[in-house]
Structure formats: structure tokens, C-alpha cells
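Residues 745 to 948 (the numbering used here) make up the sequence shown, in order.
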Amino acid sequence: MRIANISRIALAVALLSASAKPQVIEYENNGQKYQTLTRNGLTVIVTHMPNQIAGFAMMQVSVANGSQIYWTVKPEEFSYEKTGSTPLNAMPANTVINQLLAKASHGDVVKLVKSYESALYGIPNMRSTNGYEERRQSALSMGASAKLQAAAMASAIALATTRVPPGQSTDGAVFFPVSRELKTLSGGKLTLRVEGETFEFNPE
Numbered sequence: 745m746r747i748a749n750i751s752r753i754a755l756a757v758a759l760l761s762a763s764a765k766p767q768v769i770e771y772e773n774n775g776q777k778y779q780t781l782t783r784n785g786l787t788v789i790v791t792h793m794p795n796q797i798a799g800f801a802m803m804q805v806s807v808a809n810g811s812q813i814y815w816t817v818k819p820e821e822f823s824y825e826k827t828g829s830t831p832l833n834a835m836p837a838n839t840v841i842n843q844l845l846a847k848a849s850h851g852d853v854v855k856l857v858k859s860y861e862s863a864l865y866g867i868p869n870m871r872s873t874n875g876y877e878e879r880r881q882s883a884l885s886m887g888a889s890a891k892l893q894a895a896a897m898a899s900a901i902a903l904a905t906t907r908v909p910p911g912q913s914t915d916g917a918v919f920f921p922v923s924r925e926l927k928t929l930s931g932g933k934l935t936l937r938v939e940g941e942t943f944e945f946n947p948e
């Protein structure tokens with residue numbers, strides 16, 4: 745009887761652990777606040793970028809695949825919602841780059857790069873295998889006009905649709921259009937839906 749009771753308790757604990765919702769971990773580094781969440785081996789780290797560029801508010805995102813499957817991450821699968829408002833999806837990378845080409849100044853691009861690098865390099869021990877560093881080197885090698893170099897740097901920063909292999913990682917910025925209803929990314933909740941999984945981060 746005692747063995748049977750112990751078996752039932754062990755089974756209940758196992759079922760509870762299996763159904764437990766993964767918890768968001770929050771931490772701060774050099775004044776920058778980060779949130780990280782892992783589901784089924786995929787770890788996503790997010791932080792606000794303080795500057796607005798050409799009508800966009802932004803978040804820096806890093807993704808590490810510790811599972812045995814491929815994950816396809818798309819910027820438009822990120823949404824931001826404030827209480828009482830409609831969720832707003834991030835913009836596709838090509839749309840962001842085209843708008844930056846049309847509206848952003850050289851000073852805007854410099855500010856974007858500094859803001860992004862500050863957010864990215866504040867993540868302890870996070871170095872993407874296929875992320876901003878590789879894209880930045882490619883952008884810097886372009887011997888083109890200042891406008892095309894600015895577009896290349898914007899392309900290096902914006903998170904594009906990426907298929908992340910097992911054991912690999914990537915990073916990028918997701919861009920939300922600023923509106924009368926959403927002037928800043930504060931007081932709301934970020935959500936990512938990817939491959940049938942939902943990552944919900946804590947409201948700011």
C-alpha cells in the first residue's frame with residue numbers, strides 16, 4: 745500500500761512538472777533590462793531599444809536553438825499589446841528596410857547601430873552563430889554609396905525570417921510602427937508565436 749501511494753505521488757509530481765508553464769526570467773545588465781524564456785529547447789531573449797527611428801519603436805531579439813529540430817522565426821510573428829488595445833504585429837524586414845531608405849537620415853542609422861549594439865552586447869555569453877556580427881561584416885565590405893551602406897546596415901540589424909538549425913542562434917531587431925495608440929513600447933506585453941508555440945513575456 746505504501747509503495748502504491750509513493751508511486752501515485754511520483755506520477756502526480758511528474759505530470760505537474762510536465763504541465764508547468766515555463767517561467768520568464770528577468771535580469772538587468774548595465775542598466776538594460778532583459779527577459780528570457782525557453783520552450784521546447786528554443787530560448788528567446790528580448791529587450792527594449794530606447795530610441796525611435798523613422799517612425800519605428802524597436803525591440804532587440806536573440807534566439808538560441810537548443811533543441812533537435814529546426815525553428816523558423818519571423819518578425820511578423822511578434823506582437824505587442826497594451827491593455828485595452830488591439831495587438832500590433834512587428835513589420836517584415838523588407839518593409840522596414842524600404843521605409844528606412846525612404847525616411848531615415850545617416851544620423852538615424854548611426855543611432856540605430858549604437859542602440860542595437862548596446863542591447864546585443866549586454867547579453868552575457870550570447871554570441872550568435874548567424875546574426876548581426878556576420879551581417880555587419882558583409883555590410884561594411886560594400887563599397888557603395890552612403891545611402892546603400894545605410895540600407896545594408898539596416899538590413900544587418902533587422903530580424904528577417906530565419907530558419908534556425910539545431911545548436912545555432914541568431915539575433916535582430918523587430919520594428920513596430922509608432923502610432924497615436926502606440927507611441928512607445930512601454931506598459932504592454934510582447935508575444936511571439938512560432939511553430940505552434942507561444943512565448944509570452946511579462947508586461948513592462
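Using N, Cα and C, we set each Cβ at its ideal position, and we do this for glycine too.
In this text, all values refer to a predicted model and were calculated from it rather than measured experimentally.
Measure the C-alpha to C-alpha separation of Ser811 and Val805 and round it to an integer number of angstroms. Within the sequence shown, numbered from 1, the residue matching residue 811 stands at position 67. Within the sequence shown, numbered from 1, the residue matching residue 805 stands at position 61. Roughly 18 Å between the two C-alpha positions.
With a threshold of 16 other CB atoms inside 10 Å of the CB of Gly916, please say whether the residue is buried or exposed. Here residue 916 corresponds to residue number 172 of the sequence shown, with the count starting at 1. So Gly916 ends up on the buried side.
Beta-carbon gap between Val922 and Gly828 smaller than 7 Å: Counting from one through the sequence shown, the residue named residue 922 turns up at place 178. Counting from one through the sequence shown, the residue named residue 828 turns up at place 84. Cβ atoms of Val922 and Gly828: not closer than 7 Å.
Give the DSSP-derived three-state secondary structure of Lys847 in the structure shown. As a working note, residue 847 is residue 103 in the sequence shown. Helix.
Going by DSSP, name the residue or residues bridged to Tyr824. Residue numbering aside, residue 824 sits at position 80 when the sequence shown is read from its first letter. Paired residues: Leu832, Leu934.
Quick one: give me the first and last residue of the beta strand (DSSP E) that Ser913 is part of. For the purposes of this step, residue 913 is taken as the residue at position 169 of the sequence shown. Residues 913-921.
Can you check DSSP and say which residues form a bridge with Phe945? On the sequence shown, position 201 is the one that residue 945 refers to. Phe945 is not bridged to any residue.
Is it right to say Ile813 is buried, meaning 16 or more other beta carbons lie within 10 angstroms of its own, or is it exposed? Looking up residue 813 in the sequence shown gives position 69. Classification of Ile813: exposed, given that the 10 Å Cβ count is below 16.
Taking buried to mean at least 16 other C-beta atoms within 10 Å of its own C-beta, is Ser859 buried or exposed? In the sequence shown, counting from the first residue as 1, residue 859 sits at position 115. Answer is buried; the Cβ neighbour count reaches 16.
Tell me whether Ala904 sits in a helix, a strand or coil according to DSSP, three-state version. Translated into the one-based positions of the sequence shown, residue 904 becomes position 160. The answer is coil: DSSP assigns Ala904 none of H, G, I, E or B.
Once you ignore the five residues that flank Lys933 on each side, which residues in its own chain have a CB closer than 6 Å to its CB? Position 189 of the sequence shown, counting from 1, holds the residue named residue 933. Correct list, in chain order: Glu825, Pro947.
Which word fits Arg907, buried or exposed, when buried means at least 16 other C-beta atoms lie within 10 angstroms of its C-beta? Locating residue 907 in the sequence shown gives position 163, where the first residue counts as 1. Result: exposed.
Helix, strand or coil for Tyr814? Go by DSSP, reduced to three states. Your numbering for residue 814 matches position 70 in the sequence shown. Residue state, collapsed to three classes: coil.
Are the CB atoms of Val817 and Met949 within a distance shorter than 7 Å? Residue 949 is absent from the structure shown; the chain starts at 745 and stops at 948.
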